[in-house]
Amino acid sequence: MKSGNSLVRARDLHVSFVSRDETVKAVNGVDLDLAEGEVLCILGESGSGKSVTLRALMRLNPKGKTVMSGALTVAGHDMMTLPDARLSAVRGKVVSMIFQEPMTALDPVFTIGRQITETLIRHEGISRKEAEQRALDLLELVQIPSAKRRLGAYPHELSGGLRQRAMIAMAISCRPKLLLADEPTTALDATVQIQILLLLRRLQQELGMGVIFVTHDLGVAGEIADRIAVMYAGRMVELGSVGDVMAKPLHPYAQGLMGATVHAGTRGRRLTTIPGAPPDLRELIPGCAFAPRCQYAGEACRQRMPDFTYPVAGRAVRCIRAQELAA
Amino acid sequence: MLYYILRRIIYIIPISLAVSLVCFMLVHIAPGDPIDAMVQPDTPQEVIDRVRQEYGLDRPLPVQFGVWLLKVVQGDFGTSLIKGRPVLPDLISASSATFILACTGGLLGFLIGCVFGGIAGVYRGTWIDRVFLGSAVAGVSVPHYWLGMVMVIIFSVNLNLLPAMGAGPGGSTEWAWDWEHIRYLILPSLTLCVIPAGLVTRTVRGLVSDIMSQDYITTLRGKGLRRSGIVWHVVQNAAPTVLAVIGLQLANLMGGSILVETVFAWPGTGMMLNTAIFQRDIPVLQATTLVLALFFVVLNLLVDLVQTTIDPRISRR
C-alpha cells in the first residue's frame, strides 16, 4: 500500500434503493480507503454493488430513490452532508467519472467539443475560447487523431474507442484528484480495451490521480491496479495488493472468481464455476452472504457476517476460516 | 445541406400538382350542381346551359382542370359564383386572418404544452404529473366548438368582457396589433390552442421523462453541471421532436379551424370554406382548399428542414 494523504475514506457505507414495493440493499457497510495517486480495483460480479459503491462516492445514485448512510470523505469534503450546490462544484472538478458505455453516456446532440468545454467553463471559469484551446489539448492528450476536426464531431460520428477517449478527456479536463472508472473497457473491442487501459494508466501516472476502477475483468485489474478489493452482495470480502490477491486469493468467493476466469494464474488448469447464484439483495440473510454457495461454509457462517481478519500483513479477508485458508 | 434543401423544394412541385388535382376533382365528385344553386328553380333550360357555358362547366373535366391550373399558376383563382368578384383578394385577406389566429393559437398551445409537459415530465409519477396529464387529455378530448360556445357564454354573455364575434370593431377586416383588435383574438385563439397544448404537453412530458432517465444526464450531473446547464441539454434533445409536433399542429390549425372560425365568425379561410361549401361556390371552394393544402405542404417542408438543421443525427445528404 502506498503511503500518502487519504483521498477517500468511507466507513460503514450503506446504500439502498427504496421504492414503494421493496427496498434493495445494494451496499451493506463498505469501508474504503484510498491514498492520493493510488489505483484500487473493485472486483465483483454483476449486482455485487460495485458500481453503486462507485457512484455513491460522488452521490450520483438517483436522487429521491436512494438512501445512503455511513461516513464518507473525498479529498477533504464530507460527501454525506455537502449541500447540493457545493456538491456540484466538487463533481467534475475534484472527482469525476468515466462510464461503461460512452455511446449513451455522451449527449447525442452536443458535439464532443461542447461537452468538454462546458465542464471547463463550469469549473475553471474560463472563456469559451480558452476552453476550446484546452479541449483541443485534452483530445491530443488522450491521443485522438486529427483532434481539431473531432472537436466538432457528434458522438455518433466517432468509433467506440474514440468515444471512450473523448469521455476520458472530459473526465480529466479539470485535473481531478480522484477518477472513478465504471467498467470503462467492457463495451469495447478487445484490441481497443488494451489501448484504453494503457491510456488510463499513463494518464494516472502523469496526472497523479487516485483511481478507483470497477471491473469484473481480472486481466484489467492486474494491468492497472495497486490494490484489489473484492465485493460480494454489497460488502467488501477481500482486500489486498494486486499481486497477493491474484496469486493467492483467500476468501472462498475470491478464489471462485479467480478460478472461473482466464488469466495468468489459471494457465493449464481447468476453469471452475461458482455454484448457485448471487443473493437476492431485497432480503439479505443474517450470516455470511456467500455461505449458501461456499464449499467451506459451516454453522458459524450462517449465524452472523464475519468481521475482517488480517491473516497476512496488508491483507484483509472477511471469512472466519481465512486463517486456515491462508496457511 | 443546400443540396438537401433544393431537393426537398423540388419535391414540392409534384406534391402540389397532385394536391391541386385532388382539390379540383373533389368538387366535381361531390353531388350537387353549382348552377342549381345560382339560378332560380324555374329558370328555363337554355339559360342554365348558357350560364354553364359561360363558366366553362360544359367542357370535359381534364380541359377544365388544365384551364383552371393555368390560371391558378398566374394567380387567377377565378370569380366567385355568388359574389361575382375575383376570389384572390378575398382569399388573401382570409388567409392572413387565419394565419394570425393559427399562429397565436399555435404559439399559445406550444408555450402551455412545453410548460405543462416539462413540469409533468420532471415530476413523473407524482400527483403533479397526473394533474397536468389529466388536463392535457381533457384538452385533446374536448370538442372545439363546444368549448368556444362555453367561452362565449362565460366571457361575452355573462361577464361581458370580450367580444364574441368578428375580428375587429364594427366588423372591420383590417387587422392591427392594438388592444381594440387583440380583444377579438383572445377567445378564438384560446379555444384553438387547447388541442395543440394537450398534444404538446403529452409529447414534452414523454420526452422529458425519457431524457431525464438517459445515461448522459447522469454524466452531466457527474460533471457538476448546474441545473440550468442540464435543462439546456434536455431542451436540445427534446427540440427536434417537439418542433415537428407543433409544426404539424400549426398546419392543422391553418386548415382545421373551420369550426372555431365559424363559431366566432372569424373572417378566415375556415369560414370562407364553410360558406363556399354551403353555397356551392366552386371557384372559392377550390381556391381555399388548394391554399390550405399548400400551407400543409409548406409547413411540412419547414418542419423537415428545421429538424434537419437542429438534429445532428439526421443525415444531411
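Residue numbers (the working numbering), protein chains in the order written: chain P, 1 to 327; chain V, 1001 to 1317. Beta carbons: idealized from backbone N, C-alpha and C, even for Gly.
In this structure, residue 1266 of chain V keeps its C-beta atom at 8 Å or more from the C-beta atom of residue 1102 of chain V. Less than 8 Å separates the beta-carbon of residue 132 of chain P from that of residue 113 of chain P. Taking 7 Å as the Cβ-Cβ cut-off, the segment 227-258 of chain P has no residue approaching chain V.
In the DSSP annotation of this structure, the continuous segment of the beta strand (DSSP E) that includes residue 232 of chain P starts and ends at 227-232. For the 8 Å CB-CB criterion, residue 182 of chain P and residue 126 of chain P do not form a contact. DSSP lists P/16 as the beta-bridge partner residues of residue 25 of chain P. Closer than 8 Å to the CB of residue 78 of chain P there is not a single CB belonging to chain V.
According to DSSP, residue pairing for residue 214 of chain P in a beta bridge involves P/42 and P/182.
Boundaries of the beta strand (DSSP E) around residue 238 of chain P: 235-241. Per DSSP, residue 73 of chain P lies in no alpha helix (DSSP H) segment; the continuous beta strand (DSSP E) that holds it begins and ends at 66-74. At a cut-off of 8 Å between beta-carbon atoms, residue 1307 of chain V makes no contact with chain P. No Cβ-Cβ contact shorter than 8 Å links residue 1296 of chain V with residue 1244 of chain V. One Cα belongs to residue 1281 of chain V, the other to residue 1258 of chain V, and the distance between them is close to 16 Å. For residue 214 of chain P, same chain residues with a beta-carbon under 7 Å away, outside a window of 5 residues either side, are 42, 50, 51, 54, 181, 182 and 183 in chain order. Within the DSSP bridge table, the entry for residue 8 of chain P names P/34 and P/74 as partners.
Interface annotation, residue 97 of chain P: in contact with chain V, CB-CB separation under 8 Å.
By a beta-carbon distance limit of 8 Å, residue 1188 of chain V does not contact residue 1180 of chain V. Their separation comes to about 16 Å.
For chain P, none of the residues of the segment 1086-1104 of chain V brings a beta carbon within less than 7 Å of one of its beta carbons. Leaving aside the five residues that flank residue 318 of chain P on each side, the residues in its chain whose CB is nearer than 6 Å to its CB run, in chain order, 237, 306 and 308. Where residue 95 of chain P is concerned, the enclosing beta strand (DSSP E) starts and stops at 95-98.
In this structure, residue 1079 of chain V places its C-beta atom within 8 Å of the C-beta atom of residue 1283 of chain V.
With respect to residue 192 of chain P, residue 168 of chain P sits apart: the two C-beta atoms are not nearer than 8 Å. For residue 1197 of chain V and residue 1203 of chain V, the gap between their C-alpha atoms comes out near 10 Å. Taking C-beta atoms as the reference points, residue 136 of chain P and residue 148 of chain P count as a pair closer than 8 Å. In terms of Cβ geometry, residue 1120 of chain V and residue 1205 of chain V form a close pair [threshold 8 Å].
Residue 1225 of chain V has a beta carbon lying within less than 8 Å of a beta carbon in chain P. Inter-residue distance for residue 1227 of chain V and residue 268 of chain P is about 55 Å (C-alpha atoms, whole angstroms).
If you draw a straight line from the Cα of residue 250 of chain P to the Cα of residue 315 of chain P, it is about 9 Å long. The DSSP-derived three-state label of residue 316 of chain P is strand. Residue burial annotation: residue 1240 of chain V is buried, with at least 16 other C-beta atoms found within 10 angstroms of its C-beta. With respect to residue 226 of chain P, residue 242 of chain P sits close: the two C-beta atoms are nearer than 8 Å.
If you check the CB distance, residue 285 of chain P and residue 278 of chain P do not come in under 8 Å. Per DSSP, residue 1151 of chain V is one residue of the alpha helix (DSSP H) stretching across 1144-1151. In chain order, 1214, 1215 and 1216 make up the part of chain V whose C-beta sits under 8 Å from the C-beta of residue 104 of chain P. For residue 1007 of chain V, the secondary structure class from DSSP, reduced to helix, strand or coil, is helix. Here residue 302 of chain P carries a helix assignment [DSSP, helix/strand/coil].
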